[in-house]
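Right, one structure below, let's go through it.
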Amino acid sequence: MEAAALAAYYSKARHSESVPVDYTKVKYVKKPKGAKPGFVTYTEQKTLYVKPKKLKQPEQ
């Protein structure tokens with residue numbers, strides 16, 4: 018859940034109350050042939066609705 022909240026924080030939806038974040042297993046992530054770098058498709062995803070949140074830095 019913390020990773021989803023952090024992803025939502027760094028998204029364009031940062032100022033929303035609830036942000037949908039999809040996740041899936043690596044075996045369901047595919048890069049289409051000829052796709053631009055960084056572009057992937059995925060299946061078998063689940064969606065979490067989280068409040069965007071920046072994690073606190075650990076104290077040293």
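One rule links them: number in my numbering = place in the sequence shown (from 1) + 17. We put the beta carbon where it would ideally sit given N, CA and C, even for glycine. Remember, predicted model here, so these are calculated numbers, not experimental data.
#1: Just confirm the distance between the C-beta atoms of V38 and T64, as a whole number of angstroms; I'd bet it's less than 8 Å.
#2: Taking Y40 as part of the beta strand (DSSP E), name the residues at either end of that continuous run.
#3: Within this structure, are the beta carbons of V36 and A25 separated by less than 7 Å?
#4: Helix, strand or coil for K44 per DSSP?
#5: Determine which residues share a DSSP beta bridge with T64 and list them.
Looking at the atomic coordinates:
#1: Start at 1 with the first residue of the sequence shown, and residue 38 comes out as number 21. Start at 1 with the first residue of the sequence shown, and residue 64 comes out as number 47. In this structure, V38 and T64 form a Cβ contact; the two beta carbons are roughly 7 Å apart against a cut-off of 8 Å.
#2: Along the sequence shown, read from residue 1 onward, the residue named residue 40 stands at position 23. Boundaries of the beta strand (DSSP E) around Y40: V36 to Y40.
#3: Taking the sequence shown and counting its residues from 1, one reaches residue 36 at position 19. Taking the sequence shown and counting its residues from 1, one reaches residue 25 at position 8. Yes; because the gap between Cβ atoms is below 7 Å, this pair is in contact.
#4: Here residue 44 is taken as the residue at index 27 of the sequence shown, counted from 1. K44: helix per DSSP, three-state reduction.
#5: As a first step, residue 64 must be located in the sequence shown, where it is residue number 47. Note: T64 sits in a beta bridge opposite D39.
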